[in-house]
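Working notes, structure below.
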Amino acid sequence: MFIDLVATIAAGFLGAGVALILGNILGSRWPRWALPAMMAAAMFGYVLYSEYSWYDRTVASLPESIVVLEAPETRSPLRPWTYIWPLRPRMIAVDPEAAMTHADKPGYRMAQLYFLARHGHRAAVAVVVDCETRRRAELVDGVELADDGSIVGGEWRAIADEDRIGEVLCD
């Protein structure tokens, strides 16, 4: 976040520099508001670039084995342009190559789900997917997978049709 602040300020100075250079090249006197307007436009442009390119830049920086399961688009009344061009400020990913198969239950696949957000913490959650019955369980808050394959302290949830985790880990 600090890097974004520094880059935004640098973009403002760049905008001011462009305004001053254009003023010298054109040889005309600009109105007093032109310099701050150019600074604001450059800063706003950088912030928009940074917000809208975060998803693509983050996906490009992930290892090739990582698969993005979900990256919901968001809209906000505080950013009315997002109703036309929605943002993708978060995503859920998994590494199917790092997934393990349970020794006693060959239909169980265990993997880490990675939760990535533009402005927030990154988290990893262990998940068990039962490929035969298309259900899953997250191993959080004391939930464990027993040696016999049962879930202790939690419960199985059916994998929704739009949830790609079953497709990615089981197929």
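Residue numbers (this note's numbering): -14 to 156. Note that CB positions come from ideal geometry on N, CA and C, so glycine has one too.
| Query | Result |
| --- | --- |
| If you draw a straight line from the C-alpha of residue 79 to the C-alpha of residue 107, how long is it? | 13 angstroms |
| Are there 16 or more other CB atoms within 10 angstroms of the CB of residue 48, so buried, or fewer, so exposed? | exposed |
| Taking the alpha carbon of residue 22 as the reference point, which residue from 35, 40, 1 and 10 has its own alpha carbon closest? | 1 |
| Near residue 104, what residues of its chain come up, given a Cβ to Cβ distance below 8 angstroms and the 5 sequence neighbours on each side ignored? | -14 and 74 |
| For the putative contact between residue 127 and residue 138, defined by C-beta atoms under 8 angstroms, what is the C-beta separation to the nearest angstrom? | 5 angstroms |
| When the distance is taken between beta carbons, is residue 85 closer than 8 angstroms to residue 101? | no |
| Have a look at residue 7 and residue 29 and give me their C-alpha separation to the nearest angstrom. | 20 angstroms |
| Counting only runs that start and end within the segment -11 to 57, where is the alpha helix (DSSP H) found for 4 or more residues in a row? | 19 to 46 |
| Can you tell me which of the three DSSP states residue 154 falls into? | helix |
| Please classify residue 115 as buried or exposed, where buried requires at least 16 other C-beta atoms within 10 Å of its C-beta. | buried |
| If you draw a straight line from the C-alpha of residue 71 to the C-alpha of residue 39, how long is it? | 13 angstroms |
| Tell me, to the nearest whole angstrom, how far the beta carbon of residue 125 is from that of residue 113; I am working on the premise that it is less than 8 angstroms. | So it is not a contact: roughly 11 angstroms between Cβ atoms. |
| Could you round the C-beta distance between residue 144 and residue 120 to whole angstroms and report it? I think they count as a contact, below 8 angstroms. | 6 angstroms |
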